[in-house]
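Visitor: Could you have a look at this structure, given as structure tokens, before my questions?
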Amino acid sequence: MAQHKINYTQNGGLPVALTSIDKIVNWGRSNSIWALTYGLACCGIEMMASGASRYDFDRFGTIFRASPRQADVMIVAGTLTKKHAEFIKRLYDQMAEPKWVISMGSCANTGGMFNTYATVQGVDRIIPVDLYLPGCAPRPETLQYGVMLLQKKIRANKASRAQTDKRLM
Amino acid sequence: MQIKNRLTPFFENITFDREDNEMILNFGPQHPSAHGQLRLMLHLQQEMIVKAHPDIGYLHRGMEKMAENMIYNEFMPTTDRMDYIASSSNNYGFALAVEKLIGLEVPRRAKVIRMMLLEINRLMSHIFWLATTALDIGAMTVFLFAFREREYLMDIIEGYCGARLTHAAIRIGGVPLDIQDSFIAQLKSFLDKLPANIKDYEDLLDTNRIWLMRMEEVGAISKEMALSWGCTGPMLRASGVAWDIRKEEPYELYDEVEFKVPYSDKGDNFARYKVFMQEMRESAKILYQTIDMYKECVKNNQTELMAHAPKYVSAPKIDIMTQNYSLMQHFVLVTQGMRPPVGEVYVATESPKGELGFYINSQGGPYPYRLKVRAPSFWHAGVLTDLLPGHYIPDVVSIIGTTNIVFGEVDR
Amino acid sequence: MRAYKPKDNVQAKAYYTDRFYVSPQVPKSHVESDEVFARDLEAIKAKFDVLDAYIQVGQMVVFINPSDNYKVLELLRDELEYTQLSEMSAIDWLADRGGFEIFYQMLSMNKRKRLRIKMFINKGEAVNSVEKLFRSADWSEREMFDMFGIEANGHPFMKRILMPYDWQGHPLLKTYPLQGDEFAAWYEVDKIYGKEARDIIGPELRDSAKVDRYDSERFARLGHEVPKGTKITGNEPKVVQNYQEEGGVFMVKKFDKKDSVVIDDPQR
Numbered sequence: 641m642a643q644h645k646i647n648y649t650q651n652g653g654l655p656v657a658l659t660s661i662d663k664i665v666n667w668g669r670s671n672s673i674w675a676l677t678y679g680l681a682c683c684g685i686e687m688m689a690s691g692a693s694r695y696d697f698d699r700f701g702t703i704f705r706a707s708p709r710q711a712d713v714m715i716v717a718g719t720l721t722k723k724h725a726e727f728i729k730r731l732y733d734q735m736a737e738p739k740w741v742i743s744m745g746s747c748a749n750t751g752g753m754f755n756t757y758a759t760v761q762g763v764d765r766i767i768p769v770d771l772y773l774p775g776c777a778p779r780p781e782t783l784q785y786g787v788m789l790l791q792k793k794i795r796a797n798k799a800s801r802a803q804t805d806k807r808l809m
Numbered sequence: 003m004q005i006k007n008r009l010t011p012f013f014e015n016i017t018f019d020r021e022d023n024e025m026i027l028n029f030g031p032q033h034p035s036a037h038g039q040l041r042l043m044l045h046l047q048q049e050m051i052v053k054a055h056p057d058i059g060y061l062h063r064g065m066e067k068m069a070e071n072m073i074y075n076e077f078m079p080t081t082d083r084m085d086y087i088a089s090s091s092n093n094y095g096f097a098l099a100v101e102k103l104i105g106l107e108v109p110r111r112a113k114v115i116r117m118m119l120l121e122i123n124r125l126m127s128h129i130f131w132l133a134t135t136a137l138d139i140g141a142m143t144v145f146l147f148a149f150r151e152r153e154y155l156m157d158i159i160e161g162y163c164g165a166r167l168t169h170a171a172i173r174i175g176g177v178p179l180d181i182q183d184s185f186i187a188q189l190k191s192f193l194d195k196l197p198a199n200i201k202d203y204e205d206l207l208d209t210n211r212i213w214l215m216r217m218e219e220v221g222a223i224s225k226e227m228a229l230s231w232g233c234t235g236p237m238l239r240a241s242g243v244a245w246d247i248r249k250e251e252p253y254e255l256y257d258e259v260e261f262k263v264p265y266s267d268k269g270d271n272f273a274r275y276k277v278f279m280q281e282m283r284e285s286a287k288i289l290y291q292t293i294d295m296y297k298e299c300v301k302n303n304q305t306e307l308m309a310h311a312p313k314y315v316s317a318p319k320i321d322i323m324t325q326n327y328s329l330m331q332h333f334v335l336v337t338q339g340m341r342p343p344v345g346e347v348y349v350a351t352e353s354p355k356g357e358l359g360f361y362i363n364s365q366g367g368p369y370p371y372r373l374k375v376r377a378p379s380f381w382h383a384g385v386l387t388d389l390l391p392g393h394y395i396p397d398v399v400s401i402i403g404t405t406n407i408v409f410g411e412v413d414r
Numbered sequence: 062m063r064a065y066k067p068k069d070n071v072q073a074k075a076y077y078t079d080r081f082y083v084s085p086q087v088p089k090s091h092v093e094s095d096e097v098f099a100r101d102l103e104a105i106k107a108k109f110d111v112l113d114a115y116i117q118v119g120q121m122v123v124f125i126n127p128s129d130n131y132k133v134l135e136l137l138r139d140e141l142e143y144t145q146l147s148e149m150s151a152i153d154w155l156a157d158r159g160g161f162e163i164f165y166q167m168l169s170m171n172k173r174k175r176l177r178i179k180m181f182i183n184k185g186e187a188v189n190s191v192e193k194l195f196r197s198a199d200w201s202e203r204e205m206f207d208m209f210g211i212e213a214n215g216h217p218f219m220k221r222i223l224m225p226y227d228w229q230g231h232p233l234l235k236t237y238p239l240q241g242d243e244f245a246a247w248y249e250v251d252k253i254y255g256k257e258a259r260d261i262i263g264p265e266l267r268d269s270a271k272v273d274r275y276d277s278e279r280f281a282r283l284g285h286e287v288p289k290g291t292k293i294t295g296n297e298p299k300v301v302q303n304y305q306e307e308g309g310v311f312m313v314k315k316f317d318k319k320d321s322v323v324i325d326d327p328q329r
């Protein structure tokens, strides 16, 4: 027989917190955004810098994964060329739902300064994009802010329902 | 839900059950240790590579075509995106080529600042090389340590030109700005700590059994092969040719500074690693000397930063704002661009990766008629064709790492 | 009247050139002025036709017949110590002279000299591959084929190197526009989604200066963002973008500026 009474619903009782499924699922999703290393050009170096010692991306629960099967977000960092375009589509299709895309830097957003025959004028012609980061190349702080905005976006969604289709076409 | 597309499975045209027991492995174009977008088709007998076929061009952005459609000054920021680990060395290679074409002499103070920028870039590039190669081989600690030091260098560069990665810090005819007040103090405090830092890396790696197993006697390039493939820079020096353009065909003030050219006759991964580490020490030595040279310039009151050549280079800002003729000249140079004389020039500089050459053919117009970039990494990627056969799959990663290729430069 | 645009060279043109402007020349000097180059030139002249030779910006330029290129480079490598082929490529002169100029940039490390062999071929002609002499020509010749369509006889693998294998056109020709032709514009859409997707995805936006403030599909006004596709009236309220919701986030500590430390010296 219990000698003392535990108020489960209050702090300091047992480690118990009450919340909705939506919140707990989104909490999990938004704080463990594993990113697919998609360093294509200069922005890829800044992406590495944000993962390295000074900027330390691990604080956000963002760990770079080399496999699309383990990744939640694809950070397209750099110029996407026409020769490479089909591969980004292949890798995007291989990622498990729910998945998000951050387009990092001017080249990925719009083709940037490379207004030439060989450059795709924005990755959103190939895959749907959630977040566009400006800059050439964006600083690691920009990428961190972008990931925080993505977390906010994830929290705003309903977790119980299947993700609505993001349709490019 | 996937959107329908027409992409077919990738290996539909490759037969797996071949009779000769050979397997074909596709590596890249998006592989974390490919240092960018290298695609390798590897023919394997068991674990042994018998034929390698590197496929490049996944970062081809048409820079040479852009150069034909841009005035000379406009092309300068584009060169940043070639070897984006060490942007200023690209800026410098292009600026020097144009200066040779029009026959400009750069003031001494600008030369000193340029040398500082070049050597800082070399340090940045080598530290970055160490970080990524160590990460590929599995030494995460070195990656974190090396990136810490690289950030300090980036702070210094950022204070000078405002950008971390894409500097555009050098102009045709000089440099746009004098170095900021804290530059020398910051640089000195960095350089004072650098030997201890390099020792840290070497303590972690030099006697590390895994590192030695994956570096020693792996990826050996003979002298003949290196020369035939057009290898330059650390790749060539590790193969036994002590050829450094800074020493042999000195540009800027490299004939006034003292430094050694480290080389090795082994030609394997470990030799290249040692050459890179030694070059960092030499760069630090050069930087100490440039600091003294800069102080001398200040003492002698040499304040000019841009060459005086009204036909090609804009006047200083103060003149543009106060004198009518300078303003007109500036207007013409910005809207129409400079018109270099008719002729052609090939100028090679020692970038951190190797010989970075610019071939410019000018027909007297404001746009180059043809501009060809001789990027060292292009041939360092090509050498993989002959280098990889005979090695095992895990060696591929360490060999790609030590060749130090950057794909912005390979594909341009 | 529409301005005349030449079809054989679609690259950017100077919009104004003084009628009386005569462009200066980069000075050329005689080969005799440099001992080393003079001896090298003698050695080449002894066996091959030399059309022209001079020194420009410290490097000797030698014009030879295109059929001699393999032999000349062999001579340079084996007897004159030019051990490295730094670079080779072509220059498009189709509009003016009906052909290509090809240059080989050679380096002698023992003599510390650089030399450029040049030759002219007509349109449609092929060059002899020097891949057997210098392995570096393997990739350079492929690049030359890719960019100009000049084939090299005797090359083991004459395929495109920078552009995809199914690409059409040779990008560095003067007749090829910078922003690509019709094929280039739709390449990725055709390949991934098929031609029928062209209407849905739409043409590329190539005008880098274009900003349309009433187009909420592609542009957003900073601080006045609206959902995608909303009609813009011009009276959008100011939206403050925060990375966290107002009420705080479940199980995540809110950032407080007072608790943070600012580091002045990053290298401490």
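Residue numbers (the numbering used here), protein chains in the order written: chain A, 641 to 809; chain B, 3 to 414; chain C, 62 to 329. Think of the CB as a built atom: it goes at the ideal place given N, C-alpha and C, for glycine as much as any other residue.
1) Among all the DSSP beta bridges, which residues are the ones paired with Ile73 of chain B?
2) With DSSP run on the structure shown, which of helix, strand or coil describes Lys792 of chain A?
3) Give a yes or no on whether the C-beta atoms belonging to Val334 of chain B and Gly175 of chain B are separated by under 7 Å.
4) Does Ala171 of chain B pass the burial test, meaning 16 or more other C-beta atoms within 10 Å, or should it be called exposed?
5) According to DSSP, is Asp79 of chain C helix, strand or coil?
6) Decide if Arg63 of chain B is buried, meaning its Cβ has at least 16 other Cβ atoms within 10 Å, or exposed.
7) With DSSP as the reference, label Met3 of chain B as helix, strand or coil.
8) If we define contact as Cβ-Cβ less than 7 Å, is Thr719 of chain A a contact residue for chain C?
9) Is the number of C-beta pairs between the region 398-409 of chain B and the region 210-219 of chain C that are closer than 8 Å three or more?
10) Once DSSP output is grouped into helix, strand and coil, what is the label at Tyr348 of chain B?
11) Can you tell me whether Gly160 of chain C is helix, strand or coil according to DSSP?
12) Could you tell me whether the Cβ atoms of Pro778 of chain A and Gly745 of chain A are closer together than 7 Å?
13) Just to confirm, are Glu142 of chain C and Trp154 of chain C a CB contact at a threshold of 7 Å?
14) Going straight from the alpha carbon of Ala73 of chain C to that of Ala136 of chain B, what length do you get?
15) Determine which residues share a DSSP beta bridge with Gln82 of chain B and list them.
16) Could you give the uninterrupted runs of the beta strand (DSSP E) lying entirely in the region 118-200 of chain C, keeping only those of 3 residues or more?
17) List the residues of chain C that Trp667 of chain A touches, going by C-beta distances under 7 Å, in chain order.
18) According to DSSP, is Met117 of chain B helix, strand or coil?
19) Would you say Pro85 of chain C faces chain B, with C-beta separation under 7 Å as the test?
20) Measure the alpha-carbon distance for Thr78 of chain C versus Glu346 of chain B and round it to whole angstroms.
21) So, helix, strand or coil for Asn214 of chain C, using DSSP?
22) Apart from the five residues on each side of it in sequence, which residues of its chain come closer than 6 Å, Cβ to Cβ, to Asp82 of chain B?
23) Please classify Asn28 of chain B: does DSSP put it in a helix, a strand, or coil?
24) Would Pro225 of chain C count as contacting chain A if we go by Cβ distances under 7 Å?
25) At least one CB of chain B closer than 7 Å to the CB of Tyr785 of chain A: is that the case?
26) Is Ala675 of chain A helix, strand or coil when you go by DSSP?
27) Quick check on this structure: which residue in B:Ser379, B:Gly366 and B:Val385 has the alpha carbon closest to the alpha carbon of Ala75 of chain C?
28) Return the chain-ordered list of same chain residues with a C-beta closer than 6 Å to the C-beta of Asp129 of chain C, the five sequence neighbours on each side being excluded.
29) Do the region 263-282 of chain B and the region 384-395 of chain B make contact, defined as three or more Cβ pairs closer than 8 Å?
30) For the beta strand (DSSP E) containing Tyr598 of chain A, name the first residue and the last one.
31) So Pro232 of chain C and Tyr695 of chain A are supposed to be a Cβ contact under 8 Å. How far apart are they, rounded?
32) Roughly how many whole angstroms lie between the Cα atoms of Met118 of chain B and Cys683 of chain A?
33) May I ask you to list the residues that DSSP assigns as paired with Pro56 of chain B?
34) I'd like the span of the alpha helix (DSSP H) that includes Gly691 of chain A, first residue to last.
35) So is Lys252 of chain C in contact with chain A if we call contact Cβ pairs under 7 Å?
36) Give me the residue from B:Cys299, B:Gln331 and B:Asn210 with the minimum Cα distance to Arg111 of chain B.
Guide: This is what the structure gives:
1) Within the second sequence, residue 73 of chain B is the residue found at index 71, counting from 1. Ile73 of chain B pairs with nothing; no bridge assigned.
2) In the first sequence, counting from the first residue as 1, residue 792 of chain A sits at position 152. Three-state DSSP puts Lys792 of chain A in a helix.
3) Here residue 334 of chain B refers to the residue found at position 332 when the second sequence is read from its first residue. Here residue 175 of chain B refers to the residue found at position 173 when the second sequence is read from its first residue. Contact flag unset, no.
4) The residue you call residue 171 of chain B lines up with position 169 of the second sequence. By the 10 Å Cβ count, Ala171 of chain B comes out buried.
5) The count along the third sequence starts at 1 and reaches residue 79 of chain C at position 18. Coil at Asp79 of chain C, not helix or strand.
6) Translated into the one-based positions of the second sequence, residue 63 of chain B becomes position 61. Buried, because 16 or more other Cβ atoms sit within 10 Å of the Cβ of Arg63 of chain B.
7) Along the second sequence, one-based indexing puts residue 3 of chain B at 1. Bear in mind that a pLDDT of 43 at Met3 of chain B, under 50, signals an unreliable position, so the number given afterwards is only what the model happens to contain. Note: Met3 of chain B maps to coil in three-state DSSP.
8) Numbered from its first residue, the first sequence carries residue 719 of chain A at position 79. For Thr719 of chain A, the answer is no, since every Cβ of chain C falls outside 7 Å of its Cβ.
9) no
10) Position 346 of the second sequence, counting from 1, holds the residue named residue 348 of chain B. It is a strand residue.
11) The count along the third sequence starts at 1 and reaches residue 160 of chain C at position 99. If DSSP states are grouped into helix, strand and coil, Gly160 of chain C belongs with the strands.
12) In the first sequence, residue 778 of chain A corresponds to position 138, counting from 1. In the first sequence, residue 745 of chain A corresponds to position 105, counting from 1. Their beta carbons are under 7 Å apart, which means Pro778 of chain A touches Gly745 of chain A by this criterion.
13) Here residue 142 of chain C refers to the residue found at position 81 of the third sequence. Here residue 154 of chain C refers to the residue found at position 93 of the third sequence. No, the pair does not count as a contact, with Cβ atoms beyond the cut-off.
14) By 1-based counting over the third sequence, the position of residue 73 of chain C is 12. By 1-based counting over the second sequence, the position of residue 136 of chain B is 134. Whole-angstrom Cα-Cα distance: 45 Å.
15) For the purposes of this step, residue 82 of chain B is taken as the residue at position 80 of the second sequence. Before going further, note that residue 82 of chain B is Asp rather than Gln in the sequence given. Note: Asp82 of chain B sits in no beta bridge, so no partner.
16) 120-125, 145-154, 160-169 and 174-183
17) Position 27 of the first sequence, counted from the start, is the residue given in the question as residue 667 of chain A. Those are Phe311 and Met312, listed as they occur along chain C.
18) As a first step, residue 117 of chain B is located in the second sequence; it is residue number 115 there, counting from the start. Met117 of chain B: helix per DSSP, three-state reduction.
19) Residue mapping note: residue 85 of chain C aligns to position 24 of the third sequence, counting from 1. Closer than 7 Å: yes.
20) Here residue 78 of chain C corresponds to residue number 17 of the third sequence, with the count starting at 1. Here residue 346 of chain B corresponds to residue number 344 of the second sequence, with the count starting at 1. Going by the C-alpha atoms only, they are around 21 Å apart.
21) In the third sequence, the residue the question calls residue 214 of chain C occupies position 153. If DSSP states are grouped into helix, strand and coil, Asn214 of chain C belongs with the strands.
22) Position 80 of the second sequence, counted from the start, is the residue given in the question as residue 82 of chain B. Ser89, Thr168 and Ala170.
23) Here residue 28 of chain B refers to the residue found at position 26 when the second sequence is read from its first residue. Asn28 of chain B falls in the strand class under three-state DSSP.
24) Counting from one through the third sequence, the residue named residue 225 of chain C turns up at place 164. Cβ-Cβ to chain A under 7 Å: yes for Pro225 of chain C.
25) If you number the first sequence from 1, residue 785 of chain A lands on position 145. No - not a single Cβ of chain B is within 7 Å of the one on Tyr785 of chain A.
26) For the purposes of this step, residue 675 of chain A is taken as residue 35 along the first sequence, with counting starting at 1. Three-state DSSP puts Ala675 of chain A in a strand.
27) Within the third sequence, numbered from 1, the residue matching residue 75 of chain C stands at position 14. Measuring from the Cα of Ala75 of chain C, the nearest candidate turns out to be B:Gly366.
28) On the third sequence, residue 129 of chain C is found 68 positions in, with the first residue counted as 1. The residues are Phe109.
29) no
30) Residue 598 of chain A falls outside the range modelled here, since chain A spans only 641 to 809, and no answer is possible.
31) Looking up residue 232 of chain C in the third sequence gives position 171. Looking up residue 695 of chain A in the first sequence gives position 55. About 38 Å separates the two Cβ atoms, so there is no contact after all.
32) Reading the second sequence from its first residue, position 116 is the one you call residue 118 of chain B. Reading the first sequence from its first residue, position 43 is the one you call residue 683 of chain A. For Met118 of chain B and Cys683 of chain A, the distance between alpha carbons rounds to 25 Å.
33) Working through the second sequence from its first residue, we reach residue 56 of chain B at position 54. Note: Pro56 of chain B sits in a beta bridge opposite B:Leu42.
34) Stepping through the first sequence from its first residue, residue 691 of chain A is reached at position 51. That run of the alpha helix (DSSP H) goes Cys682 to Gly691.
35) On the third sequence, residue 252 of chain C is found 191 positions in, with the first residue counted as 1. Yes, Lys252 of chain C counts as interfacial toward chain A.
36) As a position in the second sequence, residue 111 of chain B is number 109, starting the count at 1. The shortest C-alpha separation from Arg111 of chain B is found at B:Cys299.
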